[in-house]
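S.K.: Attaching a single structure in structure tokens format; questions to follow.
Protein chains: 2
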Amino acid sequence: MTERGAGMATDIAEQPEVYGKLLEAPSVAAIEQVARAIAERRPKHVVFTARGTSDHAALYAAYLTEIRLGIPAGLASPSAITVYGARPDFSEALVVGVSQSGGSPDLTEVLKIAREQGALTLAVTNNAGSLLNQTAELTVDVAAGHERAVAATKTYTAELLALLLLVEAVKGGGTVPAEERAALAELPALAARTLEDETPAQLADRYRFAGRVVTTGRGYAYPTAREAALKLMETSYLAALAFSGADLLHGPLAMADPDVPVLAVLGTGPGSTAMADVLHRLGERRADVVTIGSGQVAEASARLAVPAVDERYAALLDILPLQRLALAIALGRGENPDAPRGLKKVTETL
Amino acid sequence: MTERGAGMATDIAEQPEVYGKLLEAPSVAAIEQVARAIAERRPKHVVFTARGTSDHAALYAAYLTEIRLGIPAGLASPSAITVYGARPDFSEALVVGVSQSGGSPDLTEVLKIAREQGALTLAVTNNAGSLLNQTAELTVDVAAGHERAVAATKTYTAELLALLLLVEAVKGGGTVPAEERAALAELPALAARTLEDETPAQLADRYRFAGRVVTTGRGYAYPTAREAALKLMETSYLAALAFSGADLLHGPLAMADPDVPVLAVLGTGPGSTAMADVLHRLGERRADVVTIGSGQVAEASARLAVPAVDERYAALLDILPLQRLALAIALGRGENPDAPRGLKKVTETL
Chain A
4 MTERGAGMAT DIAEQPEVYG KLLEAPSVAA IEQVARAIAE RRPKHVVFTA
54 RGTSDHAALY AAYLTEIRLG IPAGLASPSA ITVYGARPDF SEALVVGVSQ
104 SGGSPDLTEV LKIAREQGAL TLAVTNNAGS LLNQTAELTV DVAAGHERAV
154 AATKTYTAEL LALLLLVEAV KGGGTVPAEE RAALAELPAL AARTLEDETP
204 AQLADRYRFA GRVVTTGRGY AYPTAREAAL KLMETSYLAA LAFSGADLLH
254 GPLAMADPDV PVLAVLGTGP GSTAMADVLH RLGERRADVV TIGSGQVAEA
304 SARLAVPAVD ERYAALLDIL PLQRLALAIA LGRGENPDAP RGLKKVTETL
Chain B
4 MTERGAGMAT DIAEQPEVYG KLLEAPSVAA IEQVARAIAE RRPKHVVFTA
54 RGTSDHAALY AAYLTEIRLG IPAGLASPSA ITVYGARPDF SEALVVGVSQ
104 SGGSPDLTEV LKIAREQGAL TLAVTNNAGS LLNQTAELTV DVAAGHERAV
154 AATKTYTAEL LALLLLVEAV KGGGTVPAEE RAALAELPAL AARTLEDETP
204 AQLADRYRFA GRVVTTGRGY AYPTAREAAL KLMETSYLAA LAFSGADLLH
254 GPLAMADPDV PVLAVLGTGP GSTAMADVLH RLGERRADVV TIGSGQVAEA
304 SARLAVPAVD ERYAALLDIL PLQRLALAIA LGRGENPDAP RGLKKVTETL
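Protein chains in written order, with this note's numbering: chain A, 4 to 353; chain B, 4 to 353.
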């Protein structure tokens, strides 16, 4: 019998290698081919559909699509189509299903209907033989290899990187620009360095008896906040509430007090600036704030340090210490994050 | 000095009257005029933008738009535009800002940019003189009157009803069909009857010492679950986690145990059927489930009863006992829901 959490620990540790593999010429070439098909079709809007962890990768891709490509993008709820029988006119749309397993019947149904309704369809999965891949016109394989734990880690970051490469290739007219390739080539080493920091294990003790935690971030950092919350729920059974920095101020801030730890993903660039007011307001409520990112913040009681990179890339590094934190809290509580109670690896919803 | 919570109690009690007023001929005619302008323009997709409570009304409207009109619809994050300077091509889009106050600078900025980028723009607010109204090409006044408490109640349900009327008027080619008008005319009386039930006050005692609560629903019932969670956070400082029924099964289910109360909004029709598996899985985890809706469920330990109506209308009734529950829990905990700590009525985010 293997050690508790050994699977999740291995999955987490493999992420630098997964980045390296996705950045190799054949993977990039395959993604560029998909990008050319999208660029030719010139969709007027992009609809992402996903569940769970993959939904956070889709959210990241929606920000990239709007900011980098100037194409309106949003996340669709599968249930409008699968439960209520909606048949939207997708003739000007690219519809993208993101799924680690590619085995979710509702996403497959959405892509099938979207294709019938005129959409260009794309499946982004870690399972090239999946039903979702067979249903979509275009496919991207995130090639993260077998994931051991039920809680997704390396498949999440592989989805992020594959979607980043795809968007930059569409922007580049079908090719990821050389300077982008050069900058991205640093990622595996930066990820390895981020994973060396032992602060997550030390911090885990601090949250041993926390009943709830708030995670927050803005823009590119918001998907990281959402994914961190899901990891903490899945592995450590914490009530983890994720809010965009702006939404936090619209109500949930009232809940913050010295008993509620806050994990604030700062990001870099404009998203980081936008978080300043949020941190100030959290400080007024005497919330206990731990920051994630490259910057120092006066209000914070601790920090998970991550190397400074372009804000688009930060999502690929910021989540790493948070995955380790979730793993360490779970182990500290005597749980087994490789097989959380009540969960299966492939979740089938209709 | 007025009694704690008197403002919120009055706001809640006024909802049947607000429904009645919105359903009068002049309000409906004003909404139909906006619907005609939208029907003429034939947008290829609809982008909603909103914060906090209004975001849940926008989510409801997105479901309606896809299911009733067959037009792809999604919720946009303002930050892509306001923080990162994205300039999406909105030439085929209707962009709708939903805001109680119409005073949020980020939503105003999104509508301004969207209009410059070719969108047809619409402001749905409770403040006809607001900056958001001045920025948009089209406006809908939800006419809920002055709201006393910081936590929004009657402005939320007024937004729901105004958006429902708008979608049905677009579907009807610029007129709300007579049979729809007739069915909606029952709503004020049904709302008044729903508000007479004293179960929320009795249930509040049950949650006096709960640290966290999960709310869930699918499709049309999901915005209700989200809004109930926000009310509980704002007024009672509970850690309230909202999940679509499907997303709950993708991870957060692991967190459910007998110590975590679950408020399950059943809805009627297809959404209700889709919740059956969710309730079964919650039962396996021995979660304490309270249902909201017209149906009886074996797994439930208690029920907030709501009259049976078309699933589209259920959102206008299901939230009522949940607002009262939030108010009663807040009062039971000695809080003042009219003025939650750390919050203001108009939240200004950038």
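Where a beta carbon is used, it is the ideal one built from N, C-alpha and C, also for glycine.
#1: Comparing the C-beta of B:Met258 with each C-beta of chain A, is any distance below 7 Å?
#2: Pull up the DSSP beta-bridge partners for A:Ile295, would you.
#3: Are the stretch 252-259 of chain B and the stretch 229-242 of chain A in contact at 8 Å, needing three or more beta carbon pairs?
#4: What does A:Ala242 pair with, by DSSP beta-bridge criteria?
#5: Can you tell me which of A:Gly73, A:Ala139 and A:Pro81 puts its alpha carbon nearest to the alpha carbon of B:Ala76?
#6: So B:Gly77 is in the beta strand (DSSP E); what residue range does that whole segment cover?
#7: Can you tell me whether A:His283 is helix, strand or coil according to DSSP?
#8: Using 7 Å as the threshold, is the C-beta distance between B:Ala165 and B:Thr158 below it?
#9: Would B:Leu244 pass as an interface residue toward chain A - the criterion being a Cβ-Cβ separation below 7 Å?
#10: Since B:Phe93 meets chain A, which of its residues come closer than 7 Å, beta carbon to beta carbon?
#11: Give every residue of the same chain whose Cβ lies closer than 8 Å to the Cβ of B:Val217, excluding the five residues on either side of it in the sequence, and list them in chain order.
#12: Using a beta-carbon distance below 7 Å, is A:Leu164 in contact with chain B?
#13: Decide if B:Glu230 is buried, meaning its Cβ has at least 16 other Cβ atoms within 10 Å, or exposed.
#14: Distance, Cα to Cα, A:Gly175 vs B:Pro91?
#15: Under 7 Å Cβ-Cβ, which residues of chain A neighbour B:Glu371?
#16: Tell me where the alpha helix (DSSP H) around A:Thr357 begins and ends.
#17: What ranges does the beta strand (DSSP E) occupy inside the stretch 96-156 of chain A, keeping only unbroken runs of at least 3 residues that lie completely in it?
#18: In chain order, what residues of the same chain have a beta carbon less than 6 Å from the beta carbon of B:Leu125, not counting five sequence neighbours either side?
#19: Check for me: the beta strand (DSSP E) holding B:Thr5 runs from which residue to which?
#20: Is the beta carbon of A:Leu135 less than 7 Å from the beta carbon of A:Thr128?
#21: Find the residues of chain A that neighbour B:Glu69, judging by a C-beta separation of less than 7 Å, and give them in chain order.
#22: If we ignore side chains and look at the alpha-carbon of each, how far apart do B:Tyr223 and B:Leu282 end up?
#23: Quick check on A:Leu325 - is its C-beta less than 7 Å from some C-beta in chain B?
#24: Note down, in chain order, each residue of its chain lying with its Cβ closer than 6 Å to the Cβ of A:Thr111, except the 5 sequence neighbours on either side.
#25: Can you find the residues in the same chain that come closer than 6 Å, C-beta to C-beta, to B:Glu17, ignoring five residues on each side of it along the sequence?
#26: Would you grab the beta carbon distance between B:Val37 and B:Leu169 for me? Rounded to a whole angstrom, and I think it's under 8 Å.
#27: Going by beta-carbon coordinates alone, are A:Ala303 and A:Thr227 separated by less than 7 Å?
#28: I'd like to check one pair, B:Leu187 with B:Leu26: are the Cβ atoms closer than 7 Å?
#29: Which word fits A:Pro340, buried or exposed, when buried means at least 16 other C-beta atoms lie within 10 angstroms of its C-beta?
#30: State the CB to CB distance for the pair A:Thr202 and A:Pro324, rounded to an integer number of angstroms; the pair is presumed to be in contact (CB under 8 Å).
#31: Closer than 7 Å, CB to CB, is B:His48 near chain A or not?
#32: Would you call the CB atoms of A:Leu235 and A:Ala311 closer than 7 Å?
#33: Anything in chain A within Cβ reach of B:Arg221, meaning under 7 Å, just list it in chain order.
#34: Taking Cβ to Cβ, would you say A:Ala331 is nearer than 7 Å to A:Ala161?
#35: With DSSP collapsed to three states, give me the class of A:Val50.
#36: Rounded to whole angstroms, what is the Cα-Cα separation between A:Ser275 and B:Ile41?
M.R.: Considering the structure as presented:
#1: Closer than 7 Å: yes.
#2: DSSP output for A:Ile295 lists A:Val268 and A:Leu307 as bridge partner(s).
#3: Three or more Cβ pairs closer than 8 Å define a contact, and the stretch 252-259 of chain B meets that threshold against the stretch 229-242 of chain A.
#4: A:Arg215.
#5: Nearest of A:Gly73, A:Ala139 and A:Pro81 to B:Ala76, Cα basis: A:Pro81.
#6: Ala76 to Leu78 is the span of the beta strand (DSSP E), which, as asked, contains B:Gly77.
#7: It is helical.
#8: No, these two residues do not count as a Cβ contact at 7 Å.
#9: Residue contact with chain A for B:Leu244: present (Cβ-Cβ distance below 7 Å to some residue of chain A).
#10: The contacting residues are Pro75.
#11: A distance below 8 Å between beta-carbons, with the five flanking residues on each side excluded, links B:Val217 to the following residues of its chain, in chain order: Ala243, Leu244, Ala245, Phe246, Leu251, Pro255, Met258, Ala259, Val263, Pro264, Val265, Leu266 and Ala290.
#12: Chain B, which has no Cβ nearer than 7 Å to the Cβ of A:Leu164, makes this no.
#13: Classification of B:Glu230: buried, given that the 10 Å Cβ count is 16 or more.
#14: Spanning the two alpha carbons is a distance of roughly 17 Å.
#15: Since the first residue shown for chain B is 4 and the last is 353, residue 371 of chain B is missing from the structure and cannot be characterised.
#16: Shown here, chain A extends from 4 to 353; a query on residue 357 of chain A therefore has no answer.
#17: When DSSP assignments are scanned along the stretch 96-156 of chain A, the uninterrupted stretches of beta strand (DSSP E) that are 3 or more residues long and fall wholly within it turn out to be 96-102, 123-128 and 141-144.
#18: So the list reads Val99, Ala139 and Leu141, once near-sequence residues are dropped.
#19: For B:Thr5, there is no enclosing beta strand (DSSP E), since its DSSP letter is neither H nor E.
#20: In terms of Cβ geometry, A:Leu135 and A:Thr128 form a close pair [threshold 7 Å].
#21: Neighbours of B:Glu69 in chain A, taken as residues whose beta carbon is under 7 Å from its own, are Ala83, Ala89 and Pro91 in chain order.
#22: A straight-line Cα-Cα distance of about 17 Å links B:Tyr223 and B:Leu282.
#23: Chain B places no beta carbon closer than 7 Å to that of A:Leu325, leaving this residue out of the contacts.
#24: Take A:Thr111, set aside five residues on each side of it, and the residues of its chain with a beta-carbon closer than 6 Å to its own are Leu134, Leu135 and Thr138, in chain order.
#25: These residues qualify, in order along the chain: Lys157.
#26: Confirmed, about 6 Å.
#27: Contact flag unset, no.
#28: Yes, these two residues count as a Cβ contact at 7 Å.
#29: The residue in question, A:Pro340, is buried, as its Cβ has 16 or more Cβ neighbours within 10 Å.
#30: That belief holds up - the Cβ atoms of A:Thr202 and A:Pro324 are roughly 7 Å apart, short of 8 Å.
#31: For B:His48, at least one C-beta of chain A is nearer than 7 Å to its own C-beta.
#32: Not closer than 7 Å, so no.
#33: Chain-order list of chain A residues neighbouring B:Arg221: Ser82 and Val86, by C-beta distance under 7 Å.
#34: In terms of Cβ geometry, A:Ala331 and A:Ala161 do not form a close pair [threshold 7 Å].
#35: If DSSP states are grouped into helix, strand and coil, A:Val50 belongs with the strands.
#36: Rounded to whole angstroms, A:Ser275 to B:Ile41 spans 38 Å at the Cα level.
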